[in-house]
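Asks: What follows is a single structure, and I will ask about it in a moment.
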Amino acid sequence: MRPLDAIDPPLPAEVVIGVVFVTALVEVLGALSDSPVWLLGLLVFLPGAASALCTVRQTAFVAAWTAFVVIVTVLLRDSDGGPWLDRILMVLLTLALGATSVYACRRRIRREHEMLRLRSTAAAMQRHILRPMPMLTDDVLVDGVYEPVQEDRLVGGDIYDVVASPWGTRILIGDVQGKGLPAVGAAFAVIGAFREAAHREPTLTALVDALDTSVVRHNSYAAQTGDDERFVTALIVNVDAHDEVQAINCGHIPPQLLHDATVSTPGFASGVPLGLAELSAEPTTVGWFAFPPGATLLLTTDGLTETRAADGTFYPVTERLTERVSLSPTELPHALYDDARSFSGEGSHHDDVAILSVRRSPYR
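Using the working numbering, the first residue of the sequence shown is number 85, and each one after it goes up by one.
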């Protein structure tokens, strides 16, 4: 844990230079306008600005500097600068605002650390609840990359899971609308529902209906506490011993199929996200597509597809995937993730990234 007053503060040299520059500017303007004492009122804003940007020590320095400059100016200037009562009131106001700014800075930093602890806890919970990869069943090998957004930023809601059910291996990948702790709560609700319903529901449509119900129920609880309602985009795939697989797309990014050194996008309908089924007149439909032995499915979230270069260009997933089609299922997700970080320039993401490779077992 970082110290209380060490949350991305400006450098000490930057604080000193800024304070000296503002002070010199006020003094020059005061000398030119023959109103040195009244213009000192501009310095009163310095501790307030520091309390919003600086550490406690830096804010205390700015407050002490401001008080020193105001007191020296008030005491050493000729009496024609204004009534002494006004000058005394200005000194008292400067001291009061300086002390208030230091107090406000300490409160701000404590709140930031509370949020940091909450976000760190949520990120740790995500890492523990999401199953570690690779995951192996009788039907598939699932490997991939899951990188949550950095813990000192907003927590996201990317989810994935794999369940070996009596009707085949069921794979979920999804993305909760929005960020923050409420998004994590919705993500946990979907994962819990998936793990339970995947073993209970014989059909994929019934499984998706159960997931939709879990999001609706979560939203009803969220509404009672004043939180925003969420929807979840999701892709659910069922792989069994047959050469064709079933899939339902609930407003998510379509999968990519890699087979015989080619990349293709299976064509099947996309429905509404989880939590919005009652707003759609169309029933949930299952798509079927070929998934031969030795083939690989690539499932992603928009943390990959919405990665941008410095000029705003989106990451060309299909193009980069075609260049790496010969990689193994274990190597492919990591290669795409590293390439996307390089493509973005600074190698930073503003959303979670989940990339799964699903390799059909050659022995089924």
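From the three backbone atoms N, C-alpha and C, an ideal C-beta is built for every residue, glycine too.
Since this is a predicted model, take the numbers as computed values, not measurements.
Count the C-beta pairs between the region 389 to 406 and the region 184 to 194 that are closer than 8 Å, then say yes if the count reaches three, no if not.
Replies: Taking 8 Å as the limit for Cβ pairs, the verdict is that the region 184 to 194 does not touch the region 389 to 406.
Asks: First and last residue of the alpha helix (DSSP H) that includes PHE449?
Replies: Residue numbering for the chain in the displayed model covers 85 to 448; residue 449 lies beyond these limits and cannot be assessed.
Asks: Compute the Euclidean distance between the alpha carbons of LEU238 and ASP259, then round it to the nearest angstrom.
Replies: Your numbering for residue 238 matches position 154 in the sequence shown. Your numbering for residue 259 matches position 175 in the sequence shown. For LEU238, the pLDDT reaches just 44, beneath the cut-off of 50, and the residue's location in the model is therefore unreliable, although a value from the coordinates is still provided. Cα to Cα, LEU238 sits roughly 15 Å from ASP259.
Asks: Can you tell which of SER426, ALA345, HIS418 has the C-alpha that lies nearest to the C-alpha of ILE439?
Replies: Translated into the one-based positions of the sequence shown, residue 439 becomes position 355. Here the closest residue by C-alpha is HIS418.
Asks: Just to confirm the assignment: which complete alpha helix (DSSP H) runs, minimum length 4, are found wholly within the region 340 to 368?
Replies: Runs of the alpha helix (DSSP H) inside the region 340 to 368: none found.
Asks: Which partner residues of SER249 appear in the DSSP bridge assignment?
Replies: Taking the first residue of the sequence shown as position 1, residue 249 is located at position 165. DSSP output for SER249 lists GLY252 as bridge partner(s).
Asks: If you count every other CB in all the chains shown that lies within 10 Å of the CB of TYR305, and 16 or more means buried, which is it?
Replies: Residue mapping note: residue 305 aligns to position 221 of the sequence shown, counting from 1. So TYR305 ends up on the exposed side.
Asks: Got a sec? Which residues, its chain only, sit under 8 Å from THR297 by beta carbon, not counting five neighbours each side?
Replies: Mapped onto the sequence shown, residue 297 falls at position 213. Correct list, in chain order: ALA277.
Asks: Can you name, in chain order, every residue of its own chain whose Cβ lies under 7 Å from the Cβ of LEU159, other than the five neighbours on each side?
Replies: Walking along the sequence shown from the start, residue 159 turns up at place 75. So no residue of the chain qualifies.
Asks: Do the region 344 to 361 and the region 289 to 303 touch if we need at least three Cβ pairs shorter than 8 Å?
Replies: Touching, yes, given that three or more Cβ pairs across the two stretches are closer than 8 Å.
Asks: Using a Cβ distance threshold of 8 Å, determine whether the region 335 to 345 contacts the region 315 to 324, with at least three qualifying pairs required.
Replies: Touching, yes, given that three or more Cβ pairs across the two stretches are closer than 8 Å.
Asks: In terms of residues, what are the limits of the beta strand (DSSP E) holding VAL226?
Replies: As a working note, residue 226 is residue 142 in the sequence shown. Note, VAL226: beta strand (DSSP E), 224 to 231.
Asks: So who's on the other strand from TYR244, going by DSSP bridges?
Replies: Locating residue 244 in the sequence shown gives position 160, where the first residue counts as 1. For TYR244, which the question treats as bridged, DSSP gives the partners ILE257.
Asks: Using beta carbons (cut-off 8 Å, strictly below), is ALA282 in contact with chain D?
Replies: Chain labels in this structure do not include chain D; a single protein chain is all it has.
Asks: Just the C-alpha distance for ARG215 and ILE255, rounded to the nearest angstrom, thanks.
Replies: Taking the first residue of the sequence shown as 1, we reach residue 215 at position 131. Taking the first residue of the sequence shown as 1, we reach residue 255 at position 171. Each residue's Cα considered, the two are about 12 Å apart.
Asks: Are the CB atoms of ARG425 and LEU416 within a distance shorter than 8 Å?
Replies: Translated into positions along the sequence shown, residue 416 becomes position 332. Translated into positions along the sequence shown, residue 425 becomes position 341. No, the pair does not count as a contact, with Cβ atoms beyond the cut-off.
Asks: My guess is that SER441 and ASP245 are in contact by the Cβ rule of under 8 Å, so how many angstroms apart are they, rounded?
Replies: Taking the sequence shown and counting its residues from 1, the one referred to as residue 441 is at position 357. Taking the sequence shown and counting its residues from 1, the one referred to as residue 245 is at position 161. About 15 Å; that fails the 8 Å criterion.
Asks: Determine the closest residue to ALA361 out of PHE373, VAL292, PRO93, GLN261, with distance taken between C-alpha atoms.
Replies: One-based indexing of the sequence shown puts residue 361 at position 277. Considering only alpha carbons, the answer is VAL292.
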